[in-house]
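Asks: In my numbering, the protein residues as written are 225 to 448. Backbone N, C-alpha and C fix where the C-beta goes; we use that ideal spot for every residue, glycine too. Treat the numbers as computed from the prediction; the structure is a model and nothing was measured.
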Ligand SMILES: [Zn+2]
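#1: Report buried or exposed for residue 351, applying the criterion of at least 16 other Cβ atoms within 10 angstroms of its Cβ.
#2: Since residue 271 sits in a beta bridge, which residues does DSSP pair it with?
#3: Please confirm whether residue 388 and residue 373 have their CB atoms less than 9 angstroms apart.
#4: To the nearest angstrom, how far is it from the Cα of residue 419 to the Cα of residue 326?
#5: Do you know how far the Cα of residue 400 is from the Cα of residue 408?
#6: For residue 305, which option in 398, 404, 383, 260 has the closest C-alpha, if you only look at C-alpha atoms?
#7: According to the Cβ coordinates, are residue 300 and residue 312 closer than 9 angstroms?
#8: Candidates 354, 431, 349, 395: which alpha carbon is nearest residue 318's?
#9: Between which two residues does the beta strand (DSSP E) containing residue 298 stretch?
#10: Output the distance between the C-alpha atoms of residue 424 and residue 411, rounded to the nearest integer angstrom.
#11: Assuming residue 345 and residue 284 are in contact, meaning their beta carbons sit under 8 angstroms apart, how far apart are those beta carbons, in whole angstroms?
#12: Whole angstroms is fine: what's the gap from residue 369's alpha carbon to residue 386's?
#13: Please indicate yes or no: does the CB of residue 327 lie closer than 8 angstroms to some heavy atom of ligand 1?
#14: State yes or no: is the C-beta of residue 417 within less than 9 angstroms of the C-beta of residue 357?
#15: Within the continuous beta strand (DSSP E) that includes residue 375, where are the two ends?
#16: Evaluate residue 321 with the Cβ neighbour count: other Cβ atoms within 10 Å of its Cβ, from every protein chain shown; 16 or more gives buried, anything less gives exposed.
#17: Would DSSP call residue 395 helix, strand or coil?
#18: Should residue 337 be counted as a contact of ligand 1 given a C-beta to heavy atom distance under 8 angstroms?
#19: Determine whether the beta carbon atoms of residue 367 and residue 391 lie at a separation below 9 angstroms.
#20: Can you give, in chain order, each stretch of the alpha helix (DSSP H) that sits fully within the region 320 to 364 and has at least 4 residues?
Okay, structure coming up:
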C-alpha cells in the first residue's frame with residue numbers, strides 16, 4: 225500500500241514525477257523519525273532528506289563515526305526545526321549509509337533498511353553481535369526448525385556463547401556421527417558471520433521457547 229500523494233504538489237515537478245509519489249514509502253522506525261528518508265522508485269535504499277536532517281552513523285559503544293558502508297547507530301540532527309531541535313539524537317536504529325550514485329539522479333545519500341536495534345546488541349569477547357545475525361544463518365539451514373536460544377556465560381574470565389538449535393524431527397533421528405558433522409557445520413557458518421566460535425547444541429524440535437526478540441532468544445548469565 226502506497227502513501228497517498230501530498231495535498232499540494234510543487235508546481236515545478238513534472239507530471240511523471242508526481243505520478244511516482246504514491247510509490248514512495250516512508251522510513252520510520254516505530255514512528256520515531258517520520259519524514260527523515262524516502263524510498264525512490266529504484267528501491268535501493270532510502271534517500272535522506274539532507275536539507276532537513278544531518279545523519280551520522282556511529283559505533284553504538286564508542287560513539288565514534290564508522291567508515292562509509294559499515295553498519296552502526298543512526299544519529300540525527302535537525303537542521304530546520306526551530307522550537308524543538310534534535311542535536312545528535314541517537315535513534316537506536318542500526319543501518320548503514322551509502323553515497324554511491326542512484327539511477328534516479330537524486331544526490332541525497334541513502335540509508336539501508338533498518339537492520340536492528342542497538343538494545344538487541346550483545347558484546348561477546350569484544351565483538352558486537354545481534355540475535356538477528358544468528359537467526360539469519362540458522363534459517364538458511366533447511367534442517368533447522370524455527371526456534372533457537374543463545375546463552376552467554378563467563379568461564380575463567382572468558383565469554384562463552386552457546387547456541388541451542390532445534391532440529392526438524394526427521395533430522396534429529398540421524399546417527400550420532402552425521403549429527404556431529406552437522407553441529408560442526410552450524411558452528412562454522414555462525415563463526416563466519418559473527419566472528420566468535422559458539423558452542424552449538426542440537427535439541428529436538430519443540431523444546432525451546434517460541435517467540436521473537438532478545439527477551440526470548442538471549443539468556444545472559446554473565447552478570448550473575
Ligand atoms: Zn534514488
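Replies: The relevant details are as follows:
#1: It is exposed - the Cβ of residue 351 has fewer than 16 other Cβ atoms within 10 Å.
#2: According to DSSP, which records beta bridges pairwise, residue 271 is partnered with 262, 334.
#3: If you check the CB distance, residue 388 and residue 373 come in under 9 angstroms.
#4: So the alpha carbons of these two residues sit roughly 32 angstroms apart.
#5: Computed Cα separation, rounded: 13 angstroms.
#6: Taking only the C-alpha atoms, the option nearest residue 305 is 260.
#7: Yes; because the gap between Cβ atoms is below 9 angstroms, this pair is in contact.
#8: Closest option to residue 318, judged by alpha-carbon separation, among 354, 431, 349, 395: 354.
#9: Where residue 298 is concerned, the enclosing beta strand (DSSP E) stretches over 296 to 302.
#10: Rounded to whole angstroms, residue 424 to residue 411 spans 6 angstroms at the Cα level.
#11: That belief holds up - the Cβ atoms of residue 345 and residue 284 are roughly 6 angstroms apart, short of 8 angstroms.
#12: Cα to Cα, the separation comes out at about 17 angstroms.
#13: True, at least one ligand heavy atom lies under 8 angstroms from that Cβ.
#14: Against a cut-off of 9 angstroms, the Cβ pair of residue 357 and residue 417 comes out as a contact.
#15: Note, residue 375: beta strand (DSSP E), 368 to 379.
#16: Residue 321 comes out buried.
#17: In this structure, DSSP gives residue 395 a helical state, which the three-state scheme calls helix.
#18: No, Cβ of residue 337 sits at least 8 angstroms from all heavy atoms of ligand 1.
#19: Yes, the pair counts as a contact, with Cβ atoms nearer than the cut-off.
#20: With a minimum length of 4 residues, the continuous alpha helix (DSSP H) runs that stay inside the region 320 to 364 are 355 to 363.
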